[in-house]
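Going by my numbering, the sequence shown opens with residue 566, and the numbers climb by one from there.
Right, one structure below, let's go through it.
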Amino acid sequence: MMATVANIYLIKDLSRLSGHSIHTVKFYLKLGLIHEVGRSPQTHFRYFDDTTLAALAQIRALRKERKSLAEIQQLLASREDSRPKTQDTRGDTRSPVSSLQSPVSVAA
566 MMATVANIYL IKDLSRLSGH SIHTVKFYLK LGLIHEVGRS PQTHFRYFDD TTLAALAQIR
626 ALRKERKSLA EIQQLLASRE DSRPKTQDTR GDTRSPVSSL QSPVSVAA
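Dropping the structure here:
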């Protein structure tokens, strides 16, 4: 099974693809509506992925429905809270693995 590589975007690419201005993208970042996935240590450029692009499309659709930014914040926060966290599920996978790693006794 091959892992898929996510698309990574700079803010200018995200702006172009989403139809939001760079100023609006930065404003949504400040509000916590979207999140960067990383930042270059040398240039301090922010990096975004397809999840951010999808979130911007969702925000645009909600704004067309005349939702306020406060309402959108609540909607997005409630959706994030309902998703399983990687940290929470990681413990579930360690238990079965650790039981497989127990020493095996060999009958002589």
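Every residue, glycine too, gets a C-beta built ideally from N, C-alpha and C.
These numbers come from a predicted model, not from an experiment.
Run through DSSP, which three-state label would residue i get?
i           : result
residue 610 : coil
residue 604 : strand
residue 587 : helix
residue 678 : The chain is shown only over 566 to 673; residue 678 falls outside these bounds and no answer can be derived.
residue 573 : strand
residue 637 : helix
Less than 8 Å between the C-beta atoms of residue i and residue j, yes or no?
i           : j           : result
residue 587 : residue 593 : no
residue 627 : residue 640 : yes
residue 612 : residue 604 : yes
How should residue i be labelled, buried or exposed, when 16 other C-beta atoms within 10 angstroms of its C-beta is the threshold for buried?
i           : result
residue 610 : exposed
residue 656 : In this prediction, residue 656 scores a pLDDT of 48, lower than 50, which makes its location untrustworthy; the coordinate-derived value is nonetheless stated afterwards. Burial call: exposed.
Any beta carbon of chain C sitting closer than 8 Å to that of residue i?
i           : result
residue 615 : Judged by its chain identifiers, the structure shown contains no chain C, having just a single protein chain.
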